[in-house]
Every structure is written in C-alpha cells, then in structure tokens.
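**Q** These protein sequence lines map, in sequence, to chains A and B. Quick note on my numbering: the first sequence kicks off at 1 and runs consecutively. Quick note on my numbering: the second sequence kicks off at 1001 and runs consecutively. Using N, Cα and C, we set each Cβ at its ideal position, and we do this for glycine too. Remember, it's a predicted structure, so these values are computed and weren't measured experimentally.
Number of protein chains: 2
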Amino acid sequence: MATVTKMATPDEVAALAMQRIGAAARAAAAELALAPAEVKNQALLQAAAALRASAGDIQAANERDMQAGEEKGLTRALLDRLMLDEARIEAIAQGLEDVAAQPDPVGRILADWQQPNGLKISRIAVPLGVIGIIYESRPNVTADAGGLCLKAGNAAILRGGSESFHSSNAIIQALRAGLVAAGLPEAAIQSMPSTDRALVGEMLRAAGLIDVIVPRGGRGLIERVMNESRVPVMAHLDGLCHVYVDGDADPKKARRITFNSKMRRPGVCGAAETLLVDARAMAGMLPAILDDLITEGCEVRGDPAVCGLDPRVSPATEADWTTEYLDAIISVKIVNGVEGAIRHINNYGSHHTDSIITENQESAERFLAGIDSAIVLHNASTQFADGGEFGMGAEIGISTGKLHARGPVGAEQLTTYKYVVRGTGQVRP
Amino acid sequence: MATVTKMATPDEVAALAMQRIGAAARAAAAELALAPAEVKNQALLQAAAALRASAGDIQAANERDMQAGEEKGLTRALLDRLMLDEARIEAIAQGLEDVAAQPDPVGRILADWQQPNGLKISRIAVPLGVIGIIYESRPNVTADAGGLCLKAGNAAILRGGSESFHSSNAIIQALRAGLVAAGLPEAAIQSMPSTDRALVGEMLRAAGLIDVIVPRGGRGLIERVMNESRVPVMAHLDGLCHVYVDGDADPKKARRITFNSKMRRPGVCGAAETLLVDARAMAGMLPAILDDLITEGCEVRGDPAVCGLDPRVSPATEADWTTEYLDAIISVKIVNGVEGAIRHINNYGSHHTDSIITENQESAERFLAGIDSAIVLHNASTQFADGGEFGMGAEIGISTGKLHARGPVGAEQLTTYKYVVRGTGQVRP
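(1) Check whether the Cβ atoms of residue 1097 of chain B and residue 1045 of chain B lie closer than 9 Å to each other.
(2) Please list the segments of the alpha helix (DSSP H) lying wholly inside the segment 285 to 333 of chain A, counting only runs of 4 or more residues, in order along the chain.
(3) Quick check: the Cα distance between residue 61 of chain A and residue 1016 of chain B, rounded to an integer number of angstroms?
(4) Grouping DSSP H, G and I as helix and E and B as strand, with all else coil, what is residue 1251 of chain B?
(5) Excluding sequence positions up to five away, which residues of its chain have a Cβ less than 6 Å from the Cβ of residue 47 of chain A?
(6) Classify residue 1 of chain A: buried if its beta carbon has 16 or more other beta carbons within 10 angstroms, exposed otherwise.
(7) When every heavy atom of the ligand ZN is checked, does at least one fall within less than 8 Å of the C-beta of residue 107 of chain A?
(8) Residue ranges of each alpha helix (DSSP H) run of no fewer than 4 residues wholly in the segment 1205 to 1239 of chain B, ordered along the chain?
(9) Out of B:1076, B:1271 and B:1249, point me to the one whose CA is closest to residue 1363 of chain B's CA.
(10) For residue 1335 of chain B, name the three-state secondary structure that DSSP assigns.
(11) Are residue 1328 of chain B and residue 1263 of chain B touching if we call contact CB-CB under 9 Å?
(12) Going along the chain, which residues of its own chain have a beta-carbon closer than 6 Å to the beta-carbon of residue 306 of chain A, five neighbours each way excluded?
(13) Quick one: is residue 1041 of chain B buried, meaning 16 or more other Cβ sit within 10 Å of its Cβ, or exposed?
(14) Which same chain residues, not among the five before or five after residue 1243 of chain B, have their C-beta less than 6 Å away from its C-beta?
(15) Which residues of chain A have a Cβ atom closer than 8 Å to the Cβ of residue 1090 of chain B, listed in chain order?
(16) Establish whether the CB of residue 30 of chain A and some CB of chain B are separated by less than 9 Å.
(17) Tell me the rounded alpha-carbon separation between residue 146 of chain A and residue 191 of chain A.
(18) When you check each C-beta in the segment 49 to 64 of chain A against every C-beta of chain B, which residues fall closer than 9 Å?
(19) Under 7 Å between beta-carbons, which chain D residues line up against residue 1417 of chain B? List them in chain order, please.
(20) Return yes when the Cβ of residue 1373 of chain B is within less than 9 Å of the Cβ of residue 1352 of chain B, no when it is not.
(21) Ignore the nearest five residues each way along the sequence and tell me which others in residue 1085 of chain B's own chain have a CB closer than 6 Å to its CB.
(22) Can residue 1171 of chain B and residue 1269 of chain B be called in contact, C-beta distance under 9 Å?
(23) For residue 1142 of chain B, which of helix, strand or coil comes out of DSSP?
(24) Which residues bound the beta strand (DSSP E) around residue 245 of chain A?
(25) Counting only beta-carbon atoms, is residue 1224 of chain B nearer than 9 Å to chain A?
(26) Name, please, each residue of chain A whose Cβ falls closer than 9 Å to the Cβ of residue 1104 of chain B.
(27) Return the Cβ separation of residue 1070 of chain B and residue 1078 of chain B in integer angstroms, given the expectation that the two are a contact with Cβ distance under 8 Å.
(28) Establish whether the CB of residue 214 of chain A and some CB of chain B are separated by less than 9 Å.
(29) If contact means a Cβ-Cβ distance below 8 Å, which residues of the segment 304 to 320 of chain A contact chain B?
(30) Give the C-beta separation of residue 378 of chain A and residue 1422 of chain B to the nearest angstrom, bearing in mind that I take them to be a contact with Cβ-Cβ under 8 Å.
(31) Where do the N-terminal and C-terminal ends of the alpha helix (DSSP H) with residue 42 of chain A fall, by residue?
(32) Taking its Cβ as the centre, do 16 or more other Cβ atoms sit within 10 Å of residue 1336 of chain B, making it buried, or is it exposed?
(33) Would you give the residue range spanned by the beta strand (DSSP E) that residue 425 of chain A belongs to?
(34) Quick one: what does DSSP say residue 8 of chain A is sitting in, helix, strand or coil?
(35) I'd like to know if the segment 1146 to 1155 of chain B and the segment 1227 to 1237 of chain B are in contact, where contact means that at least 3 CB-CB pairs between them fall below 8 Å.
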C-alpha cells in the first residue's frame, strides 16, 4: 500500500512548534523550580554581563528593526520605544542586576500550623511554572519579563511584536547565555520562532503547557488575549487614573500633585486622566491648577462649571470620563465631596490607581477604603504606580485584575504556593 | 407613526436578568466590603437561626425536588446527594456558625513598608467583589458558598443545578433573612431566577459585573465554564490523586494510609486513584496492600508486574493512569524509586493531592519538593485534602489551578488585596 504524504498546513506547523516549545519549557520549569537562589542570581548576573558584551550585536539587530520600522512608517513615538542605544542596553543590564539583588520569592513559608491530629501544614511559595508573555514592540520587556520569570523559578515563553523581532532575539541570546553559564537549562527562556499571528493563537490554547499568559500592550492586544485565551490571564488593562482634590486639601499639594500626576509623563499607565474637584475647592483651588496645566500645554476638557472658570477649557463629553488619553489631555469634573468622588471613580475608573489630596484624615480614610482600585494614594502622585517605586526592583506590568496579583507584578507575584503536609501515619476517620 | 413592539427573545430576557442581578450585586458588594466583622458574623448566625426555624419549609421544598428527581430517574447516589433531612439541615446551620467563628479575612495587613521618599505602603486584604458560583445538585453548596462569600465581604450570585432548584431557593431565603436581620443588603446573596441554561452563558459573559466564577461539579460543567468564560475562573478540576509507597516505607503505615486514601470515601476528590509502588517494596509490601483493598471490594487494575502478584488483579490500560474513578477502583504501577514516582505523577496527575509513604527523610523531601501539586503529603492519607481538615472552617472547593488560590478555597482565598499608599505631598521626580 502506498503511503500518502500531506503537506502540513501553517496551523499544523504552528501547533507543532507550540508543542515542542511547551514541552521544553515544562522540563526546564521543573528543573528551575528546584534551583537554589544563588544559581538563579548567577544566571541573571551572567546575562547582564552577556548583554554588555554583546551590545554591538544587539545594536546591529536593533538597526535592522529600526530600518524596517522606518520603511513601514512607524510613528516617531514607536520608533523611540524601539530604539536601543548603549545607554539603554546598559539600563537593561542594570535592571537584571537589580532583580538578582532582590530577595528570592521561592520557598517563603507563607503560613505554618499544626492540626490537633498532629499534621504539620505549611503553605510554601513555589514558582507558577511556565509563563507566556505576549507583548508589543518594546525590546526592554524581553529582558524585564525573562529576568523576573527566571528570578521566580519560572520558564518563560516570549512572543514580542514583529517590529522588535531582531532586537528581542538578540537580547534573548544574552539571557540564554546567562542560563548556560549558571548551569541552568537554556529552554527556561524561549521565544516563539516567528511573529506569525497563528503562534499567538497557539499560545492562548496551550493550557497544560503554559500556566499563565501575561499580555503587555495596547487595548487591542489585551482584549484579544482576554477573549481568546484558554490559559489563565493576568490582566493588564487601562490605567484610567484619577486625582481627587478635596475641599480640605492643602492648595500647594493639590497643585503640585495634580500637575505631576498628569504631566510628569502623560503617556504612562499611572498618569492621571481625570481630575475630580470638590465643589468646596472649585473657586479657591481649581483656577491655579488649571493654569498650571494649560500653561504647560495640557488640553483641559471640563464639565460646565469648569468651563465657566477658564475660557481655555473645552467642554467634556460623556466619553471623556472613560478615555485613557495617554497624552497631555485631562478631563475635569466638579463633585460633591469625597462621596461624589468615590461614586465617580468606582463607576468610570479602571481600578488601577487613584489619589486623594486632603488634610482631612477622615475623608482620606473614607477614600482609601471606598475606592475599589489596585492602588489608592493619599497626598501623593498617581505616577508612583510602578513596581520600581514600590521597591520591587522591576515589574512585568500593573495588574488591574483582582485574581492572584493586583497592582505591580514583580517576581513575588510570579509565584503560587503549595501545601506541604507532614504526618506520622495519620489516616482520616 | 405607529410604534412597533417586539417580543424580547429568551436570550434578551436572560441578558436583562443578568444586568439587573449583577447591578444589584455590585451595589451590595460595595456595602459589604465596608461591613465590620461583627455585622457579617451576625448575619451568618442569624442565617443559621433562620435555617433551623424554617427547616420544615426547606424539607417541603426538598420533597418537591426529590419527587421530580425520582420521576426523572436520577440515580440513588444523586438522590442521596439531593436529600435534606433534619440532621443535614442542622449540619448546614452548624457550618454557617463555624464560618462565623473563623477570623475575619478582610483588612489583614499582608505587607507594610516605607520607601526612602517617605511613602508608607501597605498591602491590605479586601474582598474580591462579586462571585458567581455555578454548581450541580448538592443543596448544601448553596449555604457553604453563600456563607463563605459573605464572610469574605463578597456578594454572591448562585446558580445551582435544576434538580435542587427548590431546595436551594429555600436555603437562600434563610441566608437572606440573616442578611436583613444584620442590616446588610439582601442582594448580597442572589440566585439566578431560573435554571435556564442561557443564564449560565450570561454569567460567563458578565465581565464587569462578576469578578470571579467558581464552578463546582462534574467534568462537563467545569470544562464548559473554563472554555466559555470571559470572567476569570477559579478552576476546580479532577482529583487524580496518588499514593506512592517507597522502598523505605513502614509497611504498616503503607497499608493503613493506602487503604484509607482509597476506601474511606472512594467518591471524594481527595480519594487516591493510582497507587505507585517502589520496585523495592513490591515483594515485601504490595501483596498485603492489594489483599486489604480487594477484600474490601476494591477493583485493582495493575501493570504486568502487579498482575503477576495477585490473580485477582486485572490488567491496566494506558487510560487507567489518567482516570478519576471516584469509585472503589484503583490502578497500581511499579516505579523506580521516588524519581520514578515524581515523573509519573507530574505527567499523569491532576496537580491536586499526592502522598509519599516513607521513613526516609531525604526521599520525602525530594517528593514534597518535586511534585507539582496543590497538596503534597508525607505519611498521611490523601483524604485529608479538605478545607475543614486544614482548619479553614469550610471550603468552597479545592482549586487545582495555580493562579490566586491553590488547594482548599476558604474565606481567606475569596479575598484579594489593594495597595494603600500614604504620602505627605510626594511627587515623582
């Protein structure tokens, strides 16, 4: 009988690639889970050294991506995100060294008790296993994500954007050189073999091979991942952050914190998008705050009362209360005290980061308790929403989901736990 | 002009019901999140009292379900799960009192530090929000789930199986009477208005209204939920649990623990399904273990070596290593020491609960570290996989997922956290 050979379809090729990469990642994860802290840290330090040693190759790879990006007509902002120079490569290497210096999140005893029957039960932090990271065109995410996964004893499968393909692969080479130098399996950090979109679909279907998917990027990517994924997802959605200036605010703090929350870097997820002002603070504090913003080039869209305060304010529409501008634009609304602010934020916000400016301790506590967000601040800028600013060394992103990790996701948040039960022959009655 | 009125389709009716119930749950959750521990506990105690006071009504409702179940031809096992007598209603009431007696999981300070810039950061346990529970026909789940959600400050939306519809509703009335008596919003515990399957679909699509879905039931239900849900799911999959008898086991402990792990209650998720025996223990220990099981009526399916030991053993097929029998059946395989056991369990198991029997401390530690399961035990029965046996008071199930909660899910696991940051005017440089 003749054997019929059929060409594999592109989907079958993608499925086979996923199987191969996933199986290698699982085997590497089992090894990494048992690796001592020193060995993992050694791998991180060696990876940093390899990054510096191969800075020339990385820049050459980046050059290819930049050229293709220019030909494709990428915006200046995107090209700037993509670009790697010596200083940026040094910063990436330094980031890996910072992660190495953090305490090891694996093996922490989270709880520990004895049952009346003599069973000793402990809840112990262990790695999550295999983490899939799907991200857009920032090559530094490659090193941050790979490094944090390694620190937490996880294997990583990276799928970066097509625009940074060569840059990311060059960085991955350095990370893998670090693994090999420390005697750890190279497959602990892998990238998908191409930027074929079918491979993203395979990752999202790879339950059993991948334990968690972390998407990093724009709304389109995140929504696709959240809708399609059969693997649990650590959600990183919008940063629709608010500053609320209370009637009992210190006017100087109100000006400084509002300005910093919006204008320090308007494009980060912790940037304020909406300013809420207590009716009692409108006449006394808001004009100066508006003037600061507008003078610096910020566009202000306000409710009718705010428009009445300053002719340079344009009218806000309902859509403005739900828009993450990521730009020098802010919407401003007058509310009735802290209760009005809480209602607005829990209704329109994205549960990311919100700040109250007040000298009234009672109002502050009411706000901190009543706002359902990952990060709530009192008298501080929303732009502190950052793993580094929280002392975590690095972050893979800011989770706006409620399951598992909320707020900055560092190495500790990339672990789970297991129960270890030690007996002396107990059986259940 | 004439107005055309169109009948709403069943799907539109389901969507509207979900909107209404979800909005009421969100409002109730916001109130419950701020409720003091005493008030929540008062609601639990009042609910227990209401359950006892309405035991007659509950039994009458259960009578309707039982009659319908008999007409539908439900198996004896299913009818037994469904049945509520006075003793079972008392046990349910006692369960709510046990939950009330547990420490409050909300408001715990999980971490607390100060940054060099003076920001004081704390990570504080807060409720998850709105929890959707989709379960099959065990009416006691209604009270366990509702009570645990309430304890953790969450609103619950319950969707029980059609077979227990009247029983569950009668129990929910008692739970709501408890809420009202304690001055808490009745909408903190709601049930879907019918057992229409379209309503399950609406729950699975209700991202934004429901924060987490917890499915409890058979494989079909769980897989539907995990495949269809757009809301994060706390997975409760199979309990394919293993006992591994090491060559250095105490033969008495090996017999007693193996027998208990399988035969105490063969139908629970913590029951052992596969017994692995070190080649060194085969001749010395396995015959007596097999005899215990077979004498008690347990069917044994073994690999060729095991079949050779006892003529009453039938040959196991590959499918036996991945089958959760939930019955008096066990598969038995000879492995090469602890490494062979780890390889088999991580490959075929369901990451639920696995136990090693050995007097060799080094082998025990190797097993406890190497097995990637929610619960790993040394010299103790797998049937201890239970929130009550862990001292948690009650559980909503055993999570086999790795995100958020692993192992028994009690009130503590139904919380998330937020970061509270207290400043004195800090802005980010």
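**A** Once the coordinates are examined:
(1) In the second sequence, the residue the question calls residue 1097 of chain B occupies position 97. In the second sequence, the residue the question calls residue 1045 of chain B occupies position 45. Contact: yes.
(2) Positions of the alpha helix (DSSP H) runs, each at least 4 residues long and wholly inside the segment 285 to 333 of chain A, are given as 304 to 309 in order along the chain.
(3) Numbered from 1 along the first sequence, position 61 holds the residue referred to as residue 61 of chain A. Numbered from 1 along the second sequence, position 16 holds the residue referred to as residue 1016 of chain B. Those two C-alpha atoms are separated by around 54 Å.
(4) On the second sequence, residue 1251 of chain B is found 251 positions in, with the first residue counted as 1. Assignment of residue 1251 of chain B by DSSP, reduced to helix, strand and coil, places it in the helix class.
(5) Within the first sequence, residue 47 of chain A is the residue found at index 47, counting from 1. The residues are 96, 174, 175 and 178.
(6) Position 1 of the first sequence, counted from the start, is the residue given in the question as residue 1 of chain A. Low confidence applies here, because residue 1 of chain A scores a pLDDT of 45, under 50, leaving its location unreliable; read the following figure in that light. So residue 1 of chain A counts as exposed.
(7) By its list of ligands, the structure shown contains no ligand whatsoever, and the ligand ZN lies outside what it can speak to.
(8) Listed in chain order, the complete alpha helix (DSSP H) runs (minimum 4 residues) inside the segment 1205 to 1239 of chain B are 1219 to 1228.
(9) For the purposes of this step, residue 1363 of chain B is taken as residue 363 along the second sequence, with counting starting at 1. Of the candidates B:1076, B:1271 and B:1249, the one whose C-alpha sits nearest the C-alpha of residue 1363 of chain B is B:1249.
(10) As a working mapping, residue 1335 of chain B is identified with position 335 in the second sequence. In this structure, DSSP gives residue 1335 of chain B an extended state, which the three-state scheme calls strand.
(11) For the purposes of this step, residue 1328 of chain B is taken as residue 328 along the second sequence, with counting starting at 1. For the purposes of this step, residue 1263 of chain B is taken as residue 263 along the second sequence, with counting starting at 1. Going by beta carbons, residue 1328 of chain B and residue 1263 of chain B fall inside the 9 Å limit.
(12) Working through the first sequence from its first residue, we reach residue 306 of chain A at position 306. Excluding sequence neighbours, residue 306 of chain A sits near 313 and 332.
(13) Taking the first residue of the second sequence as position 1, residue 1041 of chain B is located at position 41. Buried, because 16 or more other Cβ atoms sit within 10 Å of the Cβ of residue 1041 of chain B.
(14) Within the second sequence, numbered from 1, the residue matching residue 1243 of chain B stands at position 243. Sequence-distant Cβ neighbours of residue 1243 of chain B in its own chain, meaning closer than 6 Å and more than five residues away, are 1258, 1261, 1272, 1275 and 1355.
(15) Within the second sequence, the letter at position 90 stands for residue 1090 of chain B. Chain A residues near residue 1090 of chain B: none, gap ~20 Å exceeds 8 Å.
(16) What you label residue 30 of chain A is simply residue 30 of the first sequence in a count that begins at 1. At least one CB atom of chain B sits nearer than 9 Å to the CB of residue 30 of chain A.
(17) Numbered from 1 along the first sequence, position 146 holds the residue referred to as residue 146 of chain A. Numbered from 1 along the first sequence, position 191 holds the residue referred to as residue 191 of chain A. Taking C-alpha positions only, residue 146 of chain A is separated from residue 191 of chain A by approximately 10 Å.
(18) So the list is empty, because no residue satisfies the distance condition.
(19) Judged by its chain identifiers, the structure shown contains no chain D, and its protein chains are A and B.
(20) In the second sequence, residue 1352 of chain B corresponds to position 352, counting from 1. In the second sequence, residue 1373 of chain B corresponds to position 373, counting from 1. Going by C-beta atoms, residue 1352 of chain B is nearer than 9 Å to residue 1373 of chain B.
(21) If you number the second sequence from 1, residue 1085 of chain B lands on position 85. Nothing listed; no residue qualifies.
(22) Within the second sequence, residue 1171 of chain B is the residue found at index 171, counting from 1. Within the second sequence, residue 1269 of chain B is the residue found at index 269, counting from 1. No.
(23) To locate residue 1142 of chain B, count along the second sequence from 1; it is residue 142. Shown here, residue 1142 of chain B sits in a helix according to DSSP, grouped into three states.
(24) Numbered from 1 along the first sequence, position 245 holds the residue referred to as residue 245 of chain A. Its beta strand (DSSP E) spans residues 241 to 245.
(25) The sequence position of residue 1224 of chain B within the second sequence is 224, counting from 1. No, residue 1224 of chain B does not count as interfacial toward chain A.
(26) The residue labelled residue 1104 of chain B in the question sits at position 104 within the second sequence. For the C-beta of residue 1104 of chain B, not a single chain A residue is nearer than 9 Å; the gap to the nearest is close to 15 Å.
(27) As a position in the second sequence, residue 1070 of chain B is number 70, starting the count at 1. As a position in the second sequence, residue 1078 of chain B is number 78, starting the count at 1. Contact doesn't hold; Cβ gap of about 10 Å is too wide.
(28) Counting from 1 along the first sequence, the entry for residue 214 of chain A is found at position 214. So no, residue 214 of chain A is outside the interface.
(29) Flagged: no residues at all.
(30) Here residue 378 of chain A refers to the residue found at position 378 of the first sequence. Here residue 1422 of chain B refers to the residue found at position 422 of the second sequence. Confirmed, about 5 Å.
(31) Here residue 42 of chain A refers to the residue found at position 42 when the first sequence is read from its first residue. For residue 42 of chain A, the enclosing alpha helix (DSSP H) starts and ends at 37 to 53.
(32) As a working mapping, residue 1336 of chain B is identified with position 336 in the second sequence. It is exposed - the Cβ of residue 1336 of chain B has fewer than 16 other Cβ atoms within 10 Å.
(33) Walking along the first sequence from the start, residue 425 of chain A turns up at place 425. From DSSP, the beta strand (DSSP E) with residue 425 of chain A extends over 415 to 426.
(34) One-based indexing of the first sequence puts residue 8 of chain A at position 8. The answer is coil: DSSP assigns residue 8 of chain A none of H, G, I, E or B.
(35) Verdict: no, contact absent.
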